[in-house]
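Please read the structure below before turning to the comments.
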């Protein structure tokens, strides 16, 4: 089972739609958003395509009622623990919110956060830690996301604006990548 991860959309619906296209091409079965959606309208295309969407609020998500409504009440305050495909996944917008949990990396298969706008993959204990970068592309000029294979617990950071079909972004120190 594949899961699509994005963060920091910051009202850029066009980039969010491009990332949704990546997720559809990659055949993801669930989408996780790590916050700073800003406007619930950004999530409408995800709801329309029928892929389950789950998320955590970011510091810029002031319309929490709207985000809950568009996601079917599946947006939560982080850190949020869920289980998908038999994998324990800890989600938060900011890494700071994970400080109490990160030291116990053995409890989780995946630890996900956003906020920094910089993609990252690394291991902490047995957990794969991922920041998908920024969906908006405002800071780096590159709208990025991640696709995780839950069977193998491997992740790829993808650039939705890349010209080729792969669009992989090389992340320094990227452990657990294919």
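Residue numbers (this note's numbering): 22 to 199. We treat Cβ as the ideally placed atom computed from N, Cα and C, and that holds for glycine. Because the structure is a prediction, the values reported are computed rather than measured.
When secondary structure is reduced to three states using DSSP, residue 40 falls in the helix class. At a Cβ-Cβ threshold of 9 Å, residue 105 and residue 173 do not count as neighbours. For the 9 Å CB-CB criterion, residue 36 and residue 167 do not form a contact. Approximately 5 Å separates the beta-carbon atoms of residue 40 and residue 27; this is inside 8 Å, confirming the contact. 132 is the residue among 132, 107, 163 whose C-alpha sits nearest the C-alpha of residue 118. By the C-beta density criterion, residue 92 is buried, having at least 16 other C-beta atoms within 10 angstroms. Selection 90, 47, 48, 76 evaluated against residue 98 yields 76 as nearest (Cα-Cα).
Cβ neighbours of residue 22 within its own chain (closer than 6 Å, five residues either side excluded): 50, 106, 171. Residue 30 holds the alpha-carbon nearest to the alpha-carbon of residue 62 among 148, 30, 164. The Cβ atoms of residue 34 and residue 66 sit closer than 9 Å to each other.
Annotated as distal: residue 80 and residue 138, with beta-carbon spacing of 9 Å or more. Between residue 83 and residue 152, the alpha-carbon positions lie close to 22 Å from each other. Using a Cβ distance threshold of 9 Å, residue 145 and residue 178 do not count as a contacting pair. Non-local C-beta neighbours of residue 43 in its own chain, meaning closer than 8 Å and more than five positions away in sequence, comprise 25, 166, 168, 179, 181, 188, ordered along the chain. Counted as a single uninterrupted DSSP element, the alpha helix (DSSP H) harbouring residue 87 occupies residues 85 to 91. When DSSP reads this structure, residue 109 sits in a beta bridge with 104.
Residue burial annotation: residue 48 is exposed, with fewer than 16 other C-beta atoms found within 10 angstroms of its C-beta. Under the three-state reduction of DSSP, residue 82 is assigned to coil, being neither helix nor strand. Non-local C-beta neighbours of residue 95 in its own chain, meaning closer than 8 Å and more than five positions away in sequence, comprise 73, 74, 75, 76, 89, ordered along the chain.
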